[in-house]
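For reference, the structure discussed in these notes is given below.
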């Protein structure tokens, strides 16, 4: 069962294991990047859609699965769209070749890719697919899979009272802060879920809440803040699902990670500034960026619905009601607004040569595909006739990185600077490693200056990573336990205005990529 996000894969797997009255990792388990909780006894496996795509590189027919459920398909992430296209092809191949004994025949089929034909001669059953969507676009999924039957299941939803602002809000972060304290001081019991656009906003608002909470009357209840965003380590993401300490109200600061897939217990109030951070790509310039844009109506409805999962709730939309009517009905699929180089590389590695003819649910522009092919040829991942190059292209496809980062790692080995490049790539793969509080600008700049290198920002990142590693090494030499070592690193990060969560994520990326490089 695939999920678009790690936190959903973990939490749903835990819940299903409880419902089955079984230990997690036995009959029911999950597999995500940096964490695997499965065994040979696992029969129901939750995983991210990206991880299933990587499994397909080693097993093009996904032969160990008899049923695959794609959950939250309405989110239309780039991984989900590629996975849907691949599963459609795999299902057709398994159905086409399976005879009564469930064996793939040796009859040639020129419509299949070379990778799929290489898998002929193995015993395998037809593949069953279930596509789950929380929105009302079931027909487009049904049509895509040849008129597959659609089943509508009514979900449980309590009434949600939606409130709008009278005037436009010029600073939605400040408006969110004010609304949190208005709810805390004036509304009844219940936890708060506030949607923000990214890690930087979440951490900035977290500090502002902590400062203002110190000024609350002595007899008011405490505020317990829990952030949740994609790059946060899994065990820290789980804090959002824990009940607040006695006498405290939980305030969850989340990105759109909390829009669907998961139900955070206790949420009664939702604050929606109506903004989201989305990828944008200009195929003419080849530039990709993250921009903050208004949410779609579908997203706004998903957000307000979070307040009515366990009982009646309230949603505070920090924009005027007339603005809601102007929102787009749904979000543009990510595959139509991102650089496709990584998608093309993965499809080539799966043996799918005709990228333009690949059966995407919604085809990206021809210009975007051609630009990605051109980029991969320049990087040496593809030959001049658009075939996956050996060994460079195959090596790049094995790494879960942007193709430019993968190529940089491969080339760095020739120049004897692989370790330094691995650090740079790991640090560039996460959100900003530095944080600069408004009230401590000069101190933060001075701290950053101690790591800066005249050779450029990349060497600055290497200096930060190595200084952090040195801090951990000192704790290790003092025979400190792992938990104590992490506390020491957290303290060091705070003193040096380094983002501990981003640094920890970079260390995880470093560990994963190093493991893959050693296996190569």
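Numbering (my numbering), first residue to last: 1 to 520. Glycine is no exception: its CB is placed at the ideal position from the N, C-alpha and C atoms. Keep in mind that this is a model prediction, so the values were computed, not measured.
Under the three-state reduction of DSSP output, residue 362 falls in the coil class, being neither helix nor strand. With a beta-carbon spacing of about 5 Å, residue 70 and residue 131 fall inside the 8 Å limit used to define contacts. By the CB criterion at 7 Å, residue 405 and residue 425 fall inside the cutoff.
Residue 506: member of the alpha helix (DSSP H) spanning 500-519, first to last residue. Residue state for residue 198 is assigned as coil, using DSSP reduced to three classes. Annotation: the continuous beta strand (DSSP E) that includes residue 277 extends over 275-282.
When the Cα atoms are used, residue 305 and residue 316 turn out to be separated by approximately 12 Å. DSSP, reduced to helix, strand and coil, places residue 164 within a strand of the structure shown. Going by DSSP, residue 394 is part of the alpha helix (DSSP H) stretching over 392-398. Per DSSP, the unbroken beta strand (DSSP E) holding residue 249 starts and ends at 248-254. When secondary structure is reduced to three states using DSSP, residue 288 falls in the strand class.
Taking C-beta atoms as the reference points, residue 314 and residue 161 count as a pair closer than 7 Å. 7 Å or more divides the Cβ of residue 209 from the Cβ of residue 229. Of 36, 44, 42, 63, the smallest CA-CA separation from residue 51 is found for 36.
The Cβ atoms of residue 198 and residue 277 sit closer than 7 Å to each other.
Ranked by how close their Cα comes to the Cα of residue 371, the residues 341, 349, 253 have 341 in first place. Counting every other CB atom within 10 Å of its CB across the protein chains shown gives residue 361 a total of 16 or more, marking it as buried. The DSSP-derived three-state label of residue 149 is coil.
Following the DSSP letters along the chain, one finds residue 128 inside the beta strand (DSSP E) bounded by residues 128-131. Shortest Cα-Cα distance from residue 497 to any of 237, 452, 444, 72 involves 444.
The closest CA to that of residue 76, considering only 182, 191, 49, is found on 49. The alpha helix (DSSP H) runs of length 4 or more contained entirely in the segment 42-91 are, from start to end of the chain, 49-58. Separation of residue 297 and residue 275 (C-alpha to C-alpha, rounded to the nearest whole angstrom) is 11 Å.
Nearest to residue 125 by C-alpha distance, out of 79, 62, 167, is 62.
In the DSSP assignment, residue 228 falls within the beta strand (DSSP E) that extends over 222-228. Boundaries for residue 316: no alpha helix (DSSP H) harbours it, while the beta strand (DSSP E) harbouring it runs 313-317, taken from the DSSP string. Here residue 93 is buried, its C-beta having at least 16 other C-beta atoms within 10 Å. Taking all protein chains shown into account, residue 152 has fewer than 16 neighbouring C-beta atoms within 10 Å of its C-beta and is therefore exposed. According to the DSSP assignment, residue 268 belongs to the beta strand (DSSP E) that extends over 267-272. Excluding five sequence positions before and after residue 141, the CB atoms of its chain that fall closer than 7 Å to its own CB belong to 73, 131, 133, given in chain order.
At the C-beta level, residue 41 and residue 26 come within 7 Å of one another. A residue is called buried when at least 16 other Cβ atoms come within 10 angstroms of its Cβ; residue 60 meets this threshold and is buried.
Around residue 308, the same chain offers 157, 158, 159, 160 as residues with beta carbons nearer than 7 Å, after the five sequence neighbours per side are excluded. Residue burial is scored here from C-beta neighbours: residue 203 has at least 16 other C-beta atoms within 10 angstroms and is therefore classed as buried. DSSP lists 275 as the bridge partner or partners of residue 294. One Cα belongs to residue 499, the other to residue 385, and the distance between them is close to 44 Å.
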